[in-house]
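As they're listed, the protein sequences go chains S and L.
Quick note on my numbering: the first sequence kicks off at 2 and runs consecutively.
Quick note on my numbering: the second sequence kicks off at 2 and runs consecutively.
Using N, Cα and C, we set each Cβ at its ideal position, and we do this for glycine too.
To start, the structure under review is shown below, and the notes come after it.
Protein chains: 2
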Amino acid sequence: MKLKTVSNALGLVLIGYGIIILSPIVVAVLEKEYTSILPFVVASCCSITLGGLCKWKGGRINNFDSIKRSDGLLVVTLTWLVTALIGAIPYLFYGISPLDAYFESVSGLTTTGATILTDFSLYPKDFFFWRSLSQWLGGMGIIVLFIAILPQFAVAGRRLFFAEAPGPTEEKITPRIAHTAKALWMIYVLLTIAEVLLLYLAGMPLFDAVCNSLSTMAAGGFSPHPQSIMGYGNPSVVWIITFFMFLAGSNFALQYRFLVQLKPKSLLKNDEFMFYVFIVVVLSVALCGFLFFGHDMSLEKSMRDSLFQVVSILTTTGFSSADFALWLVSAQVVLMTVMFVGGCAGSAGGGIKVVRILFVGRYLKREIAQTLHPQAVLPIKIDRTTVPDNIQRQMIGFLLFYVCLLVASGLIVTIIEGDASIGFIGTAATIGNIGPGFGEIGPMGSFGGLAASTKVIFIIDMVVGRLELIPFLVMLHRDFWGVK
Amino acid sequence: MKLKTVSNALGLVLIGYGIIILSPIVVAVLEKEYTSILPFVVASCCSITLGGLCKWKGGRINNFDSIKRSDGLLVVTLTWLVTALIGAIPYLFYGISPLDAYFESVSGLTTTGATILTDFSLYPKDFFFWRSLSQWLGGMGIIVLFIAILPQFAVAGRRLFFAEAPGPTEEKITPRIAHTAKALWMIYVLLTIAEVLLLYLAGMPLFDAVCNSLSTMAAGGFSPHPQSIMGYGNPSVVWIITFFMFLAGSNFALQYRFLVQLKPKSLLKNDEFMFYVFIVVVLSVALCGFLFFGHDMSLEKSMRDSLFQVVSILTTTGFSSADFALWLVSAQVVLMTVMFVGGCAGSAGGGIKVVRILFVGRYLKREIAQTLHPQAVLPIKIDRTTVPDNIQRQMIGFLLFYVCLLVASGLIVTIIEGDASIGFIGTAATIGNIGPGFGEIGPMGSFGGLAASTKVIFIIDMVVGRLELIPFLVMLHRDFWGVK
Ligand SMILES: [K+]
Ligand SMILES: [K+]
Chain S
2 MKLKTVSNAL GLVLIGYGII ILSPIVVAVL EKEYTSILPF VVASCCSITL GGLCKWKGGR
62 INNFDSIKRS DGLLVVTLTW LVTALIGAIP YLFYGISPLD AYFESVSGLT TTGATILTDF
122 SLYPKDFFFW RSLSQWLGGM GIIVLFIAIL PQFAVAGRRL FFAEAPGPTE EKITPRIAHT
182 AKALWMIYVL LTIAEVLLLY LAGMPLFDAV CNSLSTMAAG GFSPHPQSIM GYGNPSVVWI
242 ITFFMFLAGS NFALQYRFLV QLKPKSLLKN DEFMFYVFIV VVLSVALCGF LFFGHDMSLE
302 KSMRDSLFQV VSILTTTGFS SADFALWLVS AQVVLMTVMF VGGCAGSAGG GIKVVRILFV
362 GRYLKREIAQ TLHPQAVLPI KIDRTTVPDN IQRQMIGFLL FYVCLLVASG LIVTIIEGDA
422 SIGFIGTAAT IGNIGPGFGE IGPMGSFGGL AASTKVIFII DMVVGRLELI PFLVMLHRDF
482 WGVK
Chain L
2 MKLKTVSNAL GLVLIGYGII ILSPIVVAVL EKEYTSILPF VVASCCSITL GGLCKWKGGR
62 INNFDSIKRS DGLLVVTLTW LVTALIGAIP YLFYGISPLD AYFESVSGLT TTGATILTDF
122 SLYPKDFFFW RSLSQWLGGM GIIVLFIAIL PQFAVAGRRL FFAEAPGPTE EKITPRIAHT
182 AKALWMIYVL LTIAEVLLLY LAGMPLFDAV CNSLSTMAAG GFSPHPQSIM GYGNPSVVWI
242 ITFFMFLAGS NFALQYRFLV QLKPKSLLKN DEFMFYVFIV VVLSVALCGF LFFGHDMSLE
302 KSMRDSLFQV VSILTTTGFS SADFALWLVS AQVVLMTVMF VGGCAGSAGG GIKVVRILFV
362 GRYLKREIAQ TLHPQAVLPI KIDRTTVPDN IQRQMIGFLL FYVCLLVASG LIVTIIEGDA
422 SIGFIGTAAT IGNIGPGFGE IGPMGSFGGL AASTKVIFII DMVVGRLELI PFLVMLHRDF
482 WGVK
């Protein structure tokens, strides 16, 4: 454990974050909400002071090439926990309790989008801008982390899916990360701007267009409207957001190859992307059937709402174009199914991820064949490449952990709330970074009425789910803290 | 696929079953229920005729040593499906519909114990004797299958846990199976007789003592009393049945070493048994706390009911000493937790099995250490023996299949019944061969009111769960049916 390296890296992040957190002041000035300037100045000062302190403690280090895997994971975890703490400071100024403020801030930075708010009319525009911006930052952070940084640490089998990144011997880690991160930022920013423009042209007020776009690209789901996307009552808006949610839930490394390197075939050759499309199509059709035949809904509205809702939950965005808590149980079950998949690896979406579901399918198919032919050597292939044993092991480890955490958190919350639906759906919605669940915590509901202990558990679920479990679990091992 | 071998083996089973199915006639005569003779005579004739036909079609084969793995699995599956069909015949004579009769018969032979009955007063004693006897036969069948037969086929990692069976080179398969099966039968019969005697001495009517004992040793859970064990209102009975359920849920190969070979230390050296004891103790204490503090219950009754209920659900017996559907949610959650464990491997209990849960724990612990030390070779050990890679693969395959089946069946039943609780709890209770769930299908409830399609799905769940998935899944592969 090199505490100096950790402190230095964290300090850098906090100073940058402290500058970015000043940006809501622009909105405050434009909207003439001058009382909203102070909260962000205070938060910024805290962040920069803390960051400066960390950098000072860490001494002079400009090269993170030699950072140890365990130190890297510690930096990642601390980054999410501490930035969420600082991001909660502005909320305190609007009369929100510390626990609720931290919940809302974690929900933002982890791109979960579960809210403790009940009455949206109490807060100024700046407040909602910061909610959406925190999601946008969190989403970008995750994409850079999963595509550019973590594959270098060979965690959770990620190296396999981003093989185009040059191997560790060719280039130093720091410049490579910087290069990849820059390309990803570019796509992310351009898509966000495109969505803002389209939403504005479709008739959404500019402020709402900006906030909703920030939340969309992060697969976040916070909306300035208390009724989410349903509240705008605008079919074009629903279609536009469906399209951008779909992009946000796909792999950004793949988008880079498609949009920047102009390799259109890369989509068709990507097993995960094709499976992602397959899930969207099949489940939208099923849901559309339930809505069209089960509810008195027009075909166009059935199609629009089913596609929107399947994409929204699959990508773990969590926007709603309808109050699906009022739908038939059968229709809700389709959405519940999707809750357990999640976006593509390399997107800002949470959950188990499409590629891991695909892996499970192929693992089980192999297992059946292996039972019949015990001596045969049957590899599992994804994208025409054999998945190596250690990557298989890491993926299975992730899946088993995910199920264990889901069950454990679900059972504990069920005991606290006395309601298995809140326990398990709430856990699935927070670990998977989806946001709204069903019933009381559904799309038009709020997490504000839950017990304090439930909120603490859901905060843990959100962060652990967001960082894909491994950094946390590793910290439970004594070797992590042990003397080198 | 050697259809002749399959046909021959199935014929043998059916002829034996046809003789055993006559035994309820003894009860009919003793109880002077002469109208109950016909149903069993008819069932017996069907079984023997069908069995004779199969044997005749199969030709002369006396040696099953060369049976192929796929043929063996087919025999096993057909045995459960067909004997359940014949076992359903007597129920038809009491005015039960064909689907319900098959449900009840499958529930008996798979030792699930979920019932479609609502009014127990409609049926004679013989009817209840057959219900319990079918469980006892099914339980014995499973123990012999899992300890003596399946390890020879190296399915689902079972070979590892019954290593004391001599290796395939030393002895032909048929005599070895016969020898092991005989030893297991002996223990099973002796324990059943001991339980009958103790229950009778504790004041239970002899007929009820016999039926409940047959159901106990099979971890079955059918009781002739509509209120299960609670209906006898006798604390001693509760304690006695707790003890025998505990034995029924432990590994019979281990019991053999302990009781017959007199190796008492074998218990302490067995990781699964120690973990089984650990789960019972910890969860009973937790449940006892919830009952004592949450309900106005005496300490003795809290202890009695908590131990009984934890052991009953853990071993997947499903008896109830109290209507736990009326307990606090927290208390019910403890039982729900236990539902996902199941008995020990080599018992008649269903579910995931204690050893596999233990394996998951050690797999995850290893995975954390491996993330910190990517180059280290870290074996997973059970009973001080390294679990080989192919056995690990089989266990993980089983676990992933189990979760997938649970989710798929749970979602479909939720759509059919419009109730997620029936969907998921009902699926867990049937795949795990537990029997009663919570709510409408709770310990004092009935599966009789469910939709026909739900019953069909639960029938599949019971059989697939009982045979530990693999035989069924293998049949989905075209190579299974292919030309050798
Ligand atoms: K979300
Ligand atoms: K049972």
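- For S:THR243, the uninterrupted alpha helix (DSSP H) segment begins and ends at 236–249.
- The Cβ atoms of S:GLY139 and S:ALA219 sit closer than 8 Å to each other.
- Chain order is used for the residues whose beta-carbon lies nearer than 7 Å to a heavy atom of ligand 2, namely L:THR112, L:THR113, L:GLY114, L:ALA220, L:GLY221, L:GLY222, L:THR317, L:THR318, L:GLY319, L:GLY351, L:ASN434, L:ILE435, L:GLY436.
- Residues of chain S with a Cβ closer than 8 Å to the Cβ of L:ALA370 are, in chain order, HIS478, ASP480.
- For L:ILE21, DSSP records no beta bridge to any residue.
- Burial is judged here by how many other beta carbons sit within 10 angstroms of a residue's own beta carbon; L:MET340 has at least 16 and is buried.
- Not one beta carbon of chain L lies nearer than 8 Å to the beta carbon of S:PHE293.
- Contact between the region 422–438 of chain S and the region 450–464 of chain S is present, with at least three C-beta pairs closer than 8 Å.
- The beta carbon of L:MET340 does not come within 8 Å of any beta carbon belonging to chain S, so the residue lies off that interface.
- Using a CB distance cut-off of 8 Å, L:TYR364 counts as an interface residue toward chain S.
- The C-beta distance from S:PRO444 to S:SER321 rounds to 4 Å, short enough to meet the 8 Å contact threshold.
- The residue among S:THR338, S:LEU292, S:VAL342 with its C-alpha nearest the C-alpha of S:ALA323 is S:LEU292.
- For L:VAL404, at least one C-beta of chain S is nearer than 8 Å to its own C-beta.
- Here L:ILE383 is bridged, per DSSP, to L:THR386.
- Taking L:ASN271 as the centre and dropping the five residues before and after it, the same chain places the C-beta of ASN252, LEU255, ASP384 closer than 8 Å to its C-beta, in chain order.
- For S:VAL408, the chain L residues whose Cβ falls inside 9 Å of its Cβ are THR338, PHE341, in order along the chain.
- S:LEU401 and L:TYR403 do not touch by the CB rule: their CB atoms are close to 12 Å apart, not below 8 Å.
- Contacts with chain L (Cβ-Cβ distance below 7 Å) from the region 444–475 of chain S involve ILE471, LEU474, VAL475, listed in chain order.
- As the crow flies, the alpha-carbon of L:ILE241 is around 10 Å from that of L:ALA195.
- Close CB contacts of L:TYR18 within its chain, under the 6 Å cut and outside five residues either way in sequence, are with SER48, THR84 (chain order).
- Considered as a whole, the region 313–350 of chain S harbours 330–340 as its complete alpha helix (DSSP H) runs of no fewer than 4 residues, in chain order.
- Per DSSP, reduced to three states, the secondary structure at S:LYS69 is coil, with no helix or strand assignment.
- Per DSSP, the continuous alpha helix (DSSP H) segment holding L:ALA429 begins and ends at 421–432.
- Going by C-alpha positions, L:TRP186 is about 28 Å away from L:PHE399.
- For L:LEU255, the closest Cβ of chain S is not nearer than 8 Å.
- Nearest neighbour of S:GLY114 by Cα position, chosen from S:VAL475, S:SER447, S:ALA452, S:ASP480, turns out to be S:SER447.
- If the five residues before and after S:PHE129 are omitted, its C-beta is found closer than 7 Å to the C-beta atoms of CYS212, PRO225, all from its own chain and listed in chain order.
- Contact with chain S is found for L:ILE397, since one of that chain's Cβ atoms lies less than 8 Å from the residue's Cβ.
- Of the candidates S:MET231, S:LYS354, S:SER285, S:GLN376, the residue whose Cα lies closest to the Cα of S:GLU273 is S:LYS354.
- Taken atom to atom, the span from the alpha-carbon of S:THR111 to that of L:LEU82 is near 50 Å.
- L:GLY350 has its alpha-carbon roughly 29 Å from the corresponding atom of L:SER8.
- Membership of L:GLY446 in any alpha helix (DSSP H) is not indicated, and neither H nor E is assigned to it by DSSP.
- For S:CYS55, the CB contacts under 6 Å within the same chain, skipping 5 residues up- and downstream, are SER8, LEU11, GLY12 in chain order.
- DSSP places S:SER224 outside any alpha helix (DSSP H), giving it a letter other than H or E.
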